[in-house]
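One line per chain: the protein sequences are G and X, in this order.
Using our numbering, read the first sequence as starting at 465 and increasing by one per residue.
Using our numbering, read the second sequence as starting at 2 and increasing by one per residue.
In this text, a Cβ means the ideal position worked out from N, Cα and C, and glycines have one as well.
Here the structure is a predicted model, which is why all the values come from computation and not from measurement.
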Amino acid sequence: MQERNRNHKMLREIYISETNCITPLGFDVETNIEAILRGDSGIQLHNDISLMSNSFYASIVSTEKINSAFERISIETKYSRLEKMMILALEPIIKNSGIELNSKTAFILSTTKGNVTALKNDSEENFNNAYLDVLAKNISDFFKFQTQPIVVSNACVSGILAVSIAKRMIQSELYDSIFIVAGDEVSEFVLSGFNAFQAMSDLPCKPYSKNRTGVSLGEATAAVLISAEAKNAKIKVIGDSSINDANHISGPSRTGEGLFRSIQNALKEAQIEAAKLDYISAHGTATPFNDEMEAIAFSRLGLHNVPVNSLKGFYGHTLGASGLLETVIAIESANQNKLFESKGFDEIGVSETINIIEKNEEATIEYFLKTASGFGGCNTAVVFEKIK
Amino acid sequence: MTQNKTYIQSYITIQNNEIVLNGTSVFKIEPTDFGDFSKQAYRNFEIQYPKFFKMDALSKLAFLGSELILSPVISTDQENNIALVLANKSSSLDTDVKYQESISNKENYFPSPAVFVYTLPNICLGEISIRHQLKSENSFFIFDVLNAEFLSKYSEILLNTNKADSVLCGWVEYFNDNYKAFLCLISKEENEKYRNENINTLYNK
């Protein structure tokens, strides 16, 4: 035990000190929180045959708003819609942090499909933009990062996995600060795929509810600064793990094994008991299998009474962005001591007892857990502690 | 962090119709396409895993490499905490392009869930995890070219923080029938065999 404590002491403590997000509910964190407290949702009915032949519910950012916000920071016209959203998420936090972008500052970009829309127009130049390293270089060059960008593309856990990767890289002292941007767009590519899986909801998604029928897709970008610097920190990252189900490539484990182990490992590293958790920001895609699997994993860990929400009812499933976006919102939840409603929830529709947050309420949040799961059997859990 | 030294235990390269395991050519055939090459390799090593034929090319490539490197070290009677850390340049673009073709013509519209699921680079990690029952850390990265420093540092972190007992890390690139896989198994167990080598030198061999 002594040995372990000594080793533990040697690891640097890791913090998130800047956050931002670009969503249909707003182009900064404050506006997003106001919208959530009002009960607004970004999910709306869309009729756009360039995206899908039938009308569909999705959470889509106004292109006009993206362009006018982008014009305020750059006159460049070469950037794709997603690139503009990523730059808009990063720009204020890089500026505000005052951190020098030197060899000790890394840049992680996390995405599931990046500029996949570039495949629609098959000119060579366009096609090149579909490469994720090209996307990352475009963003990196805009801000003049000095280190080679690191792209994480691990399906729907990408955004939160990037946080644990950044934590690990800083603990290894390879870097002192890491900026992360996570983003994905609603595209014909992804809509048709989820539709082919019959995983799309006919109505705005209803995570954990009895009558849930699937996901509503969404788009967003989120950005954070992870650092070893306690000054101005918003939250501390104290444990993380990312364990595969080793069960099925397109369906979650029936026993929630990978998620169960991810949470267990993350709590162990954080050196806290499961009972210490005050809040879980879960994945909750509203597909029948995913939500059931999460409920089983939480139940196996004795987390029946911990307040849980899914933010998918506000933002839809924003794929690789979701884990980071939901972390940004959860940090506000903790620091404002407010639990946000799990929008779309009505009657419990999972077999295990879990404590879904039905309306906004005040609560003291010292520790919270963020989880995500995705295709390929991946799961990620990260434990956060409020700064005292 | 306790900085224990880590060692390369074994490595494998698959390219140009040939598989080289720990520096020795173990399978080589006349030039052919990857579909044919992968099928012949599967038969040559007498692999019994019918799911292989449902995989896309990227997963087949990663599967073949991991099969030869992991089979000798996997113990079936206990859990194997072997993390998977793979990277490439083209993500799942080869399958993305095929999927895009299936939805671009409204007259001939046939999006298939079986193809769509492979439009994610990390699916190959899932395939390896299922095959060897690895309930372990896994992540997929994209770089312009092999970033050996990152892969070895990240693997070291996983080993030194006890998040994994070994790490299978490397490069699995597939696009338009051009392919190269380089995988190596790293752990803290002393092994002087590759003491003068690193991921970069072995990759370029």
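| field | Backbone CA spacing between G:D640 and G:A692 [nearest angstrom] | value | As a first step, residue 640 of chain G is located in the first sequence; it is residue number 176 there, counting from the start. As a first step, residue 692 of chain G is located in the first sequence; it is residue number 228 there, counting from the start. The straight-line gap from Cα to Cα measures roughly 6 Å.
Whole angstroms is fine: what's the gap from G:N824's alpha carbon to G:R502's?
For the purposes of this step, residue 824 of chain G is taken as the residue at position 360 of the first sequence. For the purposes of this step, residue 502 of chain G is taken as the residue at position 38 of the first sequence. A direct Cα-Cα distance of roughly 10 Å separates G:N824 from G:R502.
Assign G:P668 to buried or exposed, taking buried as 16 or more other Cβ atoms, counted over all protein chains shown, within 10 Å of its Cβ.
Looking up residue 668 of chain G in the first sequence gives position 204. Answer is buried; the Cβ neighbour count reaches 16.
Requested in this report: Use the C-beta contact count for G:A836: other C-beta atoms within 10 angstroms, 16 or more gives buried, fewer gives exposed.
Outcome: Taking the first residue of the first sequence as 1, we reach residue 836 of chain G at position 372. Buried, by the Cβ-count rule.
Identify which residue in X:E128, X:L87, X:F28 and X:M56 has its Cα closest to the Cα of G:H712. Within the first sequence, residue 712 of chain G is the residue found at index 248, counting from 1. It is X:E128.
Supposed contact pair X:L160 and X:T7 - C-beta distance, whole angstroms, cut 8 Å:
For the purposes of this step, residue 7 of chain X is taken as the residue at position 6 of the second sequence. For the purposes of this step, residue 160 of chain X is taken as the residue at position 159 of the second sequence. About 5 Å separates the two Cβ atoms, so the contact holds.
- Is the region 628-642 of chain G touching the region 147-159 of chain X, taking contact as three or more C-beta pairs under 8 Å? yes
Check your understanding: Quick one: is X:S92 near chain G, going by C-beta distance under 9 Å?
Key -> As a first step, residue 92 of chain X is located in the second sequence; it is residue number 91 there, counting from the start. So, interface residue.
Buried versus exposed call for G:T575 [16 or more other C-beta atoms within 10 Å across all chains shown]
As a working mapping, residue 575 of chain G is identified with position 111 in the first sequence. Classification for G:T575: buried.
9 Å Cβ cutoff, G:G841 in contact with chain X | Working through the first sequence from its first residue, we reach residue 841 of chain G at position 377. G:G841 belongs to the set of residues whose beta carbon lies under 9 Å from a beta carbon in chain X.
### Task
Would you mind reading off the limits of the beta strand (DSSP E) that contains X:L184?
For the purposes of this step, residue 184 of chain X is taken as the residue at position 183 of the second sequence. Looking at the DSSP string, the run of the beta strand (DSSP E) that includes X:L184 is N179 to S188.
**Item:** Cross-chain neighbours of X:P112 in chain G, by beta carbon under 8 Å
**Value:** In the second sequence, residue 112 of chain X corresponds to position 111, counting from 1. Correct list: S656, G657, N659 and A660.
| said: DSSP three-state label for G:S544, please. | reply: Position 80 of the first sequence, counted from the start, is the residue given in the question as residue 544 of chain G. In the structure shown, G:S544 sits in coil (DSSP, three-state: anything other than H, G, I, E or B).
Sorted by chain position, which residues of the same chain lie with C-beta nearer than 7 Å to G:Q466's C-beta, five sequence neighbours on each side aside? The residue you call residue 466 of chain G lines up with position 2 of the first sequence. Confidence is the limiting factor: at G:Q466 the pLDDT is only 40, short of 50, which leaves the residue's position unreliable and the question unanswerable from this model.
For G:Q466, the three-state DSSP class (helix, strand or coil): For this step, residue 466 of chain G is matched to residue 2 along the first sequence. With a pLDDT of only 40 at G:Q466, under the threshold of 50, the placement of this residue in the model should not be trusted; the figure read from the coordinates follows. Helix.
Q) Three-state secondary structure (DSSP) at G:Y479? A) Your numbering for residue 479 of chain G matches position 15 in the first sequence. Three-state result, G:Y479: strand.
Report task. Taking X:K136 as the query, report the chain G residues whose CB atoms sit under 8 Å from its CB, ordered along the chain. Result -> If you number the second sequence from 1, residue 136 of chain X lands on position 135. Neighbours of X:K136 on chain G, chain order: I707, N708, D709, A710, E721, G722 and R725.
Suppose you measure from the CA of G:K473 to the CA of G:A694; what does that come to, to the nearest Å?
Residue numbering aside, residue 473 of chain G sits at position 9 when the first sequence is read from its first letter. Residue numbering aside, residue 694 of chain G sits at position 230 when the first sequence is read from its first letter. Because the pLDDT at G:K473 is just 49, under 50, the model does not fix this residue reliably, and the value given afterwards should be weighed accordingly. The straight-line gap from Cα to Cα measures roughly 16 Å.
Just to confirm before moving on: does the CB-CB distance between G:S519 and G:N511 stay below 9 Å?
Residue numbering aside, residue 519 of chain G sits at position 55 when the first sequence is read from its first letter. Residue numbering aside, residue 511 of chain G sits at position 47 when the first sequence is read from its first letter. With respect to the 9 Å criterion, G:S519 and G:N511 are classified as neighbours on the basis of their beta carbons.
Which of helix, strand or coil DSSP assigns to X:V74
Residue 74 of chain X sits at position 73 when you count from the first residue of the second sequence. Three-state result, X:V74: coil.
Closer than 9 Å at the beta carbon, the chain X residues around G:Y595
The residue you call residue 595 of chain G lines up with position 131 of the first sequence. Within 9 Å Cβ-Cβ: K90, S91, S92, L94, I143 and D145.
Item to complete: Verify whether the separation of the beta carbon atoms of G:A594 and G:I614 is less than 9 Å.
Response: Translated into positions along the first sequence, residue 594 of chain G becomes position 130. Translated into positions along the first sequence, residue 614 of chain G becomes position 150. With respect to the 9 Å criterion, G:A594 and G:I614 are not classified as neighbours on the basis of their beta carbons.
Next item on the list: Buried or exposed for X:Y12, please, with buried defined as at least 16 other CB atoms from any protein chain shown within 10 angstroms of its CB.
Entry: Mapped onto the second sequence, residue 12 of chain X falls at position 11. Classification of X:Y12: buried, given that the 10 Å Cβ count is 16 or more.
Problem set entry | Beta-ladder partner(s) of G:M664, from DSSP | As a first step, residue 664 of chain G must be located in the first sequence, where it is residue number 200. G:V679.
Take G:A663 and list the residues in its own chain whose beta-carbon comes closer than 7 Å to its own, dropping the five residues that flank it on each side. Your numbering for residue 663 of chain G matches position 199 in the first sequence. Cβ neighbours of G:A663 beyond the five flanking positions: G678, V679 and T751.
Please tell me whether G:D704 and G:A730 are closer than 9 Å, where the distance is taken between their beta carbons. Along the first sequence, read from residue 1 onward, the residue named residue 704 of chain G stands at position 240. Along the first sequence, read from residue 1 onward, the residue named residue 730 of chain G stands at position 266. In this structure, G:A730 lies closer than 9 Å to G:D704 by Cβ.
Taking 9 Å as the cut-off, decide whether the C-beta atoms of G:L546 and G:G578 are in contact. Walking along the first sequence from the start, residue 546 of chain G turns up at place 82. Walking along the first sequence from the start, residue 578 of chain G turns up at place 114. G:G578 is positioned such that its CB atom lies closer than 9 Å to that of G:L546.
Subject >> Assigned exposure category for X:P112 - 16 Cβ within 10 Å defines buried >> reply: As a working mapping, residue 112 of chain X is identified with position 111 in the second sequence. That one is buried.
Residues of chain G with a CB under 9 Å from the CB of X:D97: which are they?
-> Numbered from its first residue, the second sequence carries residue 97 of chain X at position 96. Within chain G, the residues near X:D97 are K577, V580, L583, A594 and F653.
Enclosing beta strand (DSSP E) for G:A570 [first to last residue]:
Counted from its first residue, the first sequence places residue 570 of chain G at position 106. Counting along the chain, the beta strand (DSSP E) containing G:A570 begins and ends at T569 to S574.
* Asked: Counting Cβ pairs closer than 8 Å, one from the region 827-836 of chain G and one from the region 796-813 of chain G, do we hit at least three?
  -> Output reads yes: the region 796-813 of chain G touches the region 827-836 of chain G.
Got a sec: which bits of the region 59-91 of chain X sit with their beta carbon under 8 Å from any beta carbon on chain G, in order along the chain?
Correct list: L85, K90 and S91.
Practice task
Determine the contact status of X:S140 and G:V616, defining contact as a CB-CB distance below 9 Å.
Solution key: As a working note, residue 140 of chain X is residue 139 in the second sequence. As a working note, residue 616 of chain G is residue 152 in the first sequence. Yes, these two residues count as a Cβ contact at 9 Å.
Worksheet item: Listing by chain order, which chain X residues have their CB less than 7 Å from the CB of G:N618?
Response: Residue mapping note: residue 618 of chain G aligns to position 154 of the first sequence, counting from 1. In chain order: N123, S140 and F141.
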